[in-house]
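In the numbering used here, the protein residues as written are 107 to 415. The structure appears right after this line, and notes come after that.
Encoded structure:
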């Protein structure tokens, strides 16, 4: 049971590509839930710690809570009622004396949602300034600062000045915080079955007539079964092509896996050759998801996401 540190390169919002070179910075470990690492130190000064209902990310006098998905917090609705509903579930129970609460949004293709206000923390008795945020698949993120000036000093904009036509780039420093839900891997973390499912559907139309030309489907299931002594078995099943002319393929292999460091794992045989992956865990309520990316051929940089059965 350890903490882990690594260097983090500049990233774009809501991506997971980060440098994994470790740096040394001791930290106290909290609730482990059976995994090797529950704390990550980033070289930009942020520290992430696994908690029961969120990932706690701190730096100086700023605290950020990366809330795990929860029923009733994401549903089709206009910005104001959606933000208020999520606030009431995720934020309100931990505060009292809420003042000057307001919501805001920016009209753009991945419309961001904002809620904000001043309140008294039930745990500390101190007044704080809270900003509540979600954009795209970032999940709900709660920013807690001693006051609004402290928030502005770090994130470089006044949230109370946000309007429907504001520049959405102002919110990039908030969205990027979703990347801090990232924890190292250890050899003992993998025992059991982990699977990843992908489905893509493409509707086809004739470029000249506009008539419907069918549907193209790409679907795959990839599974790792991790056993004792560093053993594993791997399989993949894929289906692709147009409806009526689908093609099926599958492959299997087995061998030994080695955790090379806190952020990489190597398999002796995947489709007939050794393969190395960049890998890390992200947390959800009561569980973790394993994210892996081919280290030698990263392609688009999109990680495969595996859940434990």
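Glycine is no exception: its CB is placed at the ideal position from the N, C-alpha and C atoms. Nothing here was measured: the structure is a model prediction, and the numbers come from that model.
Whole-Å CB distance - residue i paired with residue j, under 8 Å assumed
| i | j | result |
| --- | --- | --- |
| residue 332 | residue 297 | 5 Å |
| residue 289 | residue 146 | 6 Å |
| residue 246 | residue 173 | 4 Å |
| residue 222 | residue 200 | Not confirmed; about 15 Å, so no contact. |
| residue 389 | residue 170 | With a Cβ gap of about 14 Å, residue 389 and residue 170 do not count as contacting. |
| residue 395 | residue 292 | Rounded, the Cβ-Cβ distance is 16 Å, inconsistent with contact. |
Where the beta strand (DSSP E) containing residue i begins and where it ends
| i | result |
| --- | --- |
| residue 169 | 168-173 |
| residue 279 | Per DSSP, residue 279 belongs to no beta strand (DSSP E); it is in the alpha helix (DSSP H), 278-281. |
| residue 205 | 201-211 |
| residue 354 | 353-367 |
| residue 161 | 160-165 |
| residue 219 | 219-227 |
Beta-carbon spacing of residue i, residue j below 8 Å
| i | j | result |
| --- | --- | --- |
| residue 281 | residue 168 | no |
| residue 301 | residue 415 | yes |
| residue 387 | residue 141 | yes |
| residue 216 | residue 241 | yes |
| residue 220 | residue 265 | yes |
| residue 344 | residue 326 | yes |
Local Cβ density within 10 Å of residue i, reported as buried at 16 or more and exposed below that
| i | result |
| --- | --- |
| residue 268 | buried |
| residue 316 | exposed |
| residue 454 | The requested residue 454 is not part of the displayed model; the chain covers only 107 to 415. |
| residue 408 | exposed |
| residue 309 | exposed |
| residue 416 | Residue 416 is absent from the model: the chain starts at 107 and stops at 415. |
| residue 244 | buried |
| residue 274 | buried |
| residue 352 | exposed |
| residue 402 | exposed |
| residue 328 | buried |
| residue 175 | exposed |
| residue 197 | buried |
| residue 284 | buried |
Span of the alpha helix (DSSP H) around residue i
| i | result |
| --- | --- |
| residue 260 | 254-261 |
| residue 190 | 185-196 |
Residues bridged to residue i (per DSSP)
| i | result |
| --- | --- |
| residue 248 | 171 and 238 |
| residue 341 | 329 and 358 |
| residue 300 | 330 and 414 |
| residue 370 | 367 and 384 |
| residue 153 | 147 and 164 |
| residue 390 | 393 |
| residue 379 | 376 |
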